[in-house]
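Asker:
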Amino acid sequence: MPLPTYDPARIETELQAHWQAENSYRAVEDPRRKKFYCLSMFPYPSGRLHIGHVRNYTIGDVISRYQRMQGYNVLQPMGWDAFGLPAENAAIDNQLAPSRWTRDNIATMRAQLKRLGFGYDWSRELCTCDPSYYRWEQWFFCRLLEKGLVYRKQALVNWDPVDQTVLANEQVIDGCGWRSGAPVQQREIPQWFLRITTYADELLEELQHLSDWPESVRNMQRNWIGRSRGLEIDFSCEDSGEPLQVYTTRPDTLMGVSYMAVAPQHPLARQQARQDAELAAFLQKHTHGAVNEAAMNTVEKCGRPLGIHAIHPVSGEQLPIWVANFVLMSYGTGAVMCVPAHDQRDWEFARLYQLPIRQVVYPEDGSDWDLEAGAYTAYGRLRNAGDFDGLDFDDAFTAIAAQLRRQKRGRERIQYRLRDWGISRQRYWGCPIPAVYGEDEQPEPAPELPVILPEDVVPDGKRSPLAGLADFVSLTHPDGRQLHRETDTFDTFFESSWYYARFCCPDAHAQMLDERANYWLPVDQYIGGIEHGVLHLLYARCFHKLLRDAGLVDCDEPFTRLLTQGMVLNGGVKMSKSLGNTVDPQEYVDRYGADTVRLYLLFSAPPEQSMEWSDERIVGAHRFLNRLWRIVHAHVAATPATTPDDTALATRRLIHRTIAKVNDDIGRRHMYNTAIAAVMELLNALARLDDAAAASRQEGLETAVLLLAPVVPHITDALWHALGHTEPLLDHPWPVPDPALLVQDTMQIVIQVDGRLRASIVVPANITEAGLREQALSHGNVRRHMQGRKLHKFICVPGKLVNIVLSPS
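Residues 297 to 1105 in the numbering used here are what the sequence shown spells out, letter by letter.
#1: If we ignore side chains and look at the alpha-carbon of each, how far apart do THR783 and MET516 end up?
#2: Taking the runs of the beta strand (DSSP E) that are 3 residues or longer, which of them lie wholly in the stretch 844-928?
#3: Assign VAL370 to one of two classes, buried (16 or more other C-beta atoms within 10 Å of its C-beta) or exposed (fewer than that).
#4: Of all the options ASN621, LEU895, ILE1045, SER760, which has the alpha carbon lying nearest to the alpha carbon of LYS597?
#5: Whole-angstrom Cβ separation of PHE790 and CYS727, contact assumed at under 8 Å?
#6: Do you know how far the Cα of LEU345 is from the Cα of ASP1041?
#7: Measure the Cβ-Cβ separation of TRP435 and PRO802 and say whether it is below 9 Å.
#8: Alpha carbon to alpha carbon, what distance is there between ASP683 and PRO609?
#9: At the level of alpha carbons, what is the spacing between SER554 and ALA378?
#10: Here's the rule: buried if 16 or more other CB atoms are within 10 angstroms of the residue's CB, otherwise exposed. What is SER524?
#11: Relative to the alpha-carbon of ALA373, which residue among GLY380, CYS423, ASN390 has its alpha-carbon at the smallest distance?
#12: For ASN454, is the classification buried or exposed, using 16 other Cβ atoms within 10 angstroms of its Cβ as the cut-off for buried?
#13: Quick one: what's PRO746 bridged to in DSSP?
#14: Using C-beta distances below 7 Å, list every residue in its chain close to ARG993, excluding the 5 sequence neighbours before and after it, in chain order.
#15: Let me make sure I understand the geometry here. Which of LEU779, HIS1021, VAL1008 has the alpha-carbon closest to that of LEU921?
#16: Kindly provide the ranges of any beta strand (DSSP E) runs that are 3 or more residues long and lie completely inside the stretch 734-788, ordered along the chain.
#17: Could you tell me whether the stretch 881-890 touches the stretch 854-867, where touching means 3 or more Cβ pairs closer than 8 Å?
#18: DSSP state of LYS957, grouped into three classes?
#19: Suppose only complete runs of 3+ residues qualify. What are the beta strand (DSSP E) ranges in the stretch 982-1054, listed by chain order?
#20: TYR968 and VAL350: beta carbons closer than 9 Å?
#21: Specify the secondary structure class of ASP497 as computed by DSSP and reduced to three states.
#22: Going by other Cβ atoms of all chains shown within 10 Å of its Cβ, with 16 needed for buried, is VAL558 buried or exposed?
#23: Per DSSP, what kind of secondary structure is ARG431 in: helix, strand or coil?
#24: Over what stretch of residues does the beta strand (DSSP E) that includes TYR649 continue unbroken?
#25: In terms of residue numbering, what span does the alpha helix (DSSP H) encompassing TYR353 cover?
#26: Going by beta-carbon coordinates alone, are SER760 and THR461 separated by less than 9 Å?
#27: Does the stretch 481-491 come close enough to the stretch 750-765 that 3 or more CB-CB pairs lie under 8 Å?
#28: When the Cα of GLN487 is compared with those of LEU1025, GLN722, ILE1011, which residue comes out closest?
#29: So for LEU809, helix, strand or coil by DSSP?
#30: When we look at the beta-carbon of THR892 and count the other beta-carbons within 10 Å, is it buried (16 or more) or exposed?
#31: Is the beta carbon of MET633 sitting closer than 9 Å to the one on LEU550?
#32: Hey, is the stretch 379-395 in contact with the stretch 838-854, meaning 3+ C-beta pairs nearer than 8 Å?
#33: Return the Cβ separation of LYS758 and ASP572 in integer angstroms, given the expectation that the two are a contact with Cβ distance under 8 Å.
#34: Counting pairs of Cβ atoms below 8 Å between the stretch 320-332 and the stretch 380-400, do you hit three or more?
#35: The alpha helix (DSSP H) spanning TYR712 covers which residue range?
#36: Please report the straight-line C-alpha distance between TRP717 and PHE786, rounded to a whole angstrom.
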């Protein structure tokens, strides 16, 4: 009788229908059970899943299934980060309402996720563009507004004068708008901010407790927060009653200042431009382009003298003040003291405009430094610094701070690179900011919530259509006042900063979060790309502390463990539609089945590493599943053994060592590729057993099926039943290794002679060093290489090797 054929499409669709009918993945709070909340960063509904999505969600699904088999009460939800500019741009291109485009995409991607067999609790599905979701962030914003934790002020933005819209930094291409091509201007317009800096110290300090986060991510956040100790110094300024204030973390270089620089938007620059047409033209030109620090660090440097001087607070020297395009008004005070001998950016500018370069810090060893090659930016000892000569950095910091403090020209400051989070966007497809204005233009919370975004709107890309909707903008307050609404919408990071908490209680209609949040939170395992290592994770951490301080959650941090998966490459580069090297996972699911795609993605590389897509290797994954299927069904069809199994003990040792290894690889190390490889080795050994070992083979195949269940849940369920089980595989406990079977009776020892490999022997695991010495020295190949020379030293590395060191001949 022929063996059954492996038919992944039938097996997978039937099992998925069963899961859906039985609500197999519905999570219910149960205080008697240990909980495990596993969450993958939810997707933007762009149209179809890409292979990077599938890799991310497969990793999360393996963790969830493994923890379920460990006995945990597992929550694994899914939802949609639905607002944002891509939907608005797609709607403009296709002349559709963004809501229709978004919801059509959600339907497509939901079906794809279900076809891949991910164990999501779909009863908790949420979509950030639904009023039932965003009404609560509007409610929370109003509470923050009342507490002064959000505020509105003028701020610089990139302004496209043709499209009449604000552009994100990444939408500015060579100083021009990405859509219109018009030169971008920097304008000051009202913007909303959240006081994330209030939590700067806590956000920084608690990073040390997030030991289950990648160190690279923690360092990224430390650098972004950028806590620094320095001096705020006042330089007197000609023709101005206000000092030119700067902040520096290197006060030891103060005596090396040779010029000052201010941003093009600095009041001093604007004041001088009133009487200098060329300077005014320069300022106008350099209000174009991006406003972020990274862009300014790489920009080709240029500047102009303002024709006025600052006075050095210690030496009294007159220092020329320049306007420079590398100084940002939005960072610090918009002015810097320039020390070209000790700052590479200042050095480049000084060389360009032939400004003095004065070295005052030298290497500790007293050597000189070639300033023709570049700035000396290391710490050292002061020279040519007047009263501060001979001091190192710490002593110079103390002495200079004390002198400036006495003169009332400086003070110590702790400063942060982190700035308050700009949460408003001048775009349509986003959550309306629930603020209203009366005649005095002072913002106040909207009188009724939610403020619903009109969805039957097709934007034209030139300005937010909300401003032109009279029914939306104008309203009457319950007290009779005529008001107008805010037409800005939230930055989409606002929605994604608390979705993890709402998943705990998405049907809480009367409040933002209820007691279920404290059952599930914090998230035990969070999975997502390293590209979210700073902003999303930092904003979510801040939002969580706001929720905590409002009494809505109990814990201090939202995510206990973090796993950042690598990219999927094609042809050695990241997949991109523009490069034409994308892979549609649905094509491979249709051809080989979801289990094959899942297995391939997990077996190709450790999760943190990037992996190269290979059609040949996915075929190999499919071959393995077919082989697993054949071995199980051939075993089931075989005649039961009637003779003793002489290999039983050895086989059982291999089975239980495999359990221990896979348990460690999946549960602790997240090394799914080595876990799968261990099961493959076990399967190879089981395939070599004859029918006399049917009982051992049965145990081995059951174990292999259980160990692969989190990775390939469909085929393993079918094989579990084929092996004679009637209960669902889904809730079967994870196998536990027998400690007695993990103890090795023998071990392999490598023998070296003068550090070179000469032999390998198998010895009892409990052998003494004397016994090992006797066996090693008596080995024929070892004796040949000793060639009558005397033993000088016998080095033993327990359980691994011995090295026989010979005396010189």
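Even for Gly, the Cβ is constructed at its ideal location relative to N, Cα and C.
Here the structure is a predicted model, which is why all the values come from computation and not from measurement.
Answerer: Let me spell this out:
#1: For this step, residue 783 is matched to residue 487 along the sequence shown. For this step, residue 516 is matched to residue 220 along the sequence shown. C-alpha separation (whole angstroms): 34 Å.
#2: 855-861, 864-866
#3: The sequence position of residue 370 within the sequence shown is 74, counting from 1. Buried, by the Cβ-count rule.
#4: Your numbering for residue 597 matches position 301 in the sequence shown. Ranking ASN621, LEU895, ILE1045, SER760 by Cα distance to LYS597 puts ASN621 first.
#5: If you number the sequence shown from 1, residue 790 lands on position 494. If you number the sequence shown from 1, residue 727 lands on position 431. About 7 Å separates the two Cβ atoms, so the contact holds.
#6: For this step, residue 1041 is matched to residue 745 along the sequence shown. For this step, residue 345 is matched to residue 49 along the sequence shown. Rounded to the nearest angstrom, the two C-alpha atoms are 50 Å apart.
#7: Within the sequence shown, residue 435 is the residue found at index 139, counting from 1. Within the sequence shown, residue 802 is the residue found at index 506, counting from 1. Cβ atoms of TRP435 and PRO802: not closer than 9 Å.
#8: What you label residue 609 is simply residue 313 of the sequence shown in a count that begins at 1. What you label residue 683 is simply residue 387 of the sequence shown in a count that begins at 1. Whole-angstrom Cα-Cα distance: 14 Å.
#9: Translated into the one-based positions of the sequence shown, residue 554 becomes position 258. Translated into the one-based positions of the sequence shown, residue 378 becomes position 82. About 52 Å.
#10: In the sequence shown, residue 524 corresponds to position 228, counting from 1. Counting Cβ neighbours within 10 Å, SER524 comes out exposed, since fewer than 16 surround it.
#11: Within the sequence shown, the letter at position 77 stands for residue 373. Per the sequence shown, residue 373 should be read as Pro rather than Ala. Closest option to PRO373, Cα to Cα, is CYS423.
#12: What you label residue 454 is simply residue 158 of the sequence shown in a count that begins at 1. Under this definition ASN454 is a buried residue.
#13: Here residue 746 refers to the residue found at position 450 when the sequence shown is read from its first residue. Its beta-bridge partners do not exist; DSSP assigns none.
#14: Along the sequence shown, read from residue 1 onward, the residue named residue 993 stands at position 697. HIS931, LEU982, LEU985, listed in sequence order.
#15: Against the sequence shown, residue 921 aligns to sequence position 625. If we check each option's Cα against that of LEU921, VAL1008 comes out closest.
#16: 739-741, 770-772, 778-781
#17: no
#18: In the sequence shown, the residue the question calls residue 957 occupies position 661. The answer is helix: DSSP assigns LYS957 an H, G or I state.
#19: 1042-1049
#20: Taking the sequence shown and counting its residues from 1, one reaches residue 968 at position 672. Taking the sequence shown and counting its residues from 1, one reaches residue 350 at position 54. No, the Cβ-Cβ distance between TYR968 and VAL350 is not below 9 Å.
#21: Taking the sequence shown and counting its residues from 1, the one referred to as residue 497 is at position 201. DSSP places ASP497 in helix when its eight states are reduced to three.
#22: For this step, residue 558 is matched to residue 262 along the sequence shown. With 16 or more Cβ atoms within 10 Å of its Cβ, VAL558 is classed as buried.
#23: If you number the sequence shown from 1, residue 431 lands on position 135. Three-state result, ARG431: helix.
#24: The residue labelled residue 649 in the question sits at position 353 within the sequence shown. Run containing TYR649: none in the beta strand (DSSP E); it sits in the alpha helix (DSSP H), 640-649.
#25: Looking up residue 353 in the sequence shown gives position 57. Looking at the DSSP string, the run of the alpha helix (DSSP H) that includes TYR353 is 347-365.
#26: Looking up residue 760 in the sequence shown gives position 464. Looking up residue 461 in the sequence shown gives position 165. Yes; because the gap between Cβ atoms is below 9 Å, this pair is in contact.
#27: no
#28: For the purposes of this step, residue 487 is identified with residue 191 of the sequence shown, where counting begins at 1. The candidate whose alpha carbon is nearest that of GLN487 is GLN722.
#29: Along the sequence shown, one-based indexing puts residue 809 at 513. Coil.
#30: Taking the sequence shown and counting its residues from 1, one reaches residue 892 at position 596. So THR892 counts as buried.
#31: Residue numbering aside, residue 633 sits at position 337 when the sequence shown is read from its first letter. Residue numbering aside, residue 550 sits at position 254 when the sequence shown is read from its first letter. For MET633 and LEU550, yes; Cβs fall inside 9 Å.
#32: no
#33: Within the sequence shown, numbered from 1, the residue matching residue 758 stands at position 462. Within the sequence shown, numbered from 1, the residue matching residue 572 stands at position 276. LYS758 to ASP572, Cβ: 35 Å. No contact.
#34: no
#35: Mapped onto the sequence shown, residue 712 falls at position 416. Element bounds for TYR712: n/a, residue is neither H nor E.
#36: Counting from 1 along the sequence shown, the entry for residue 717 is found at position 421. Counting from 1 along the sequence shown, the entry for residue 786 is found at position 490. Straight-line Cα distance between these residues: approximately 11 Å.
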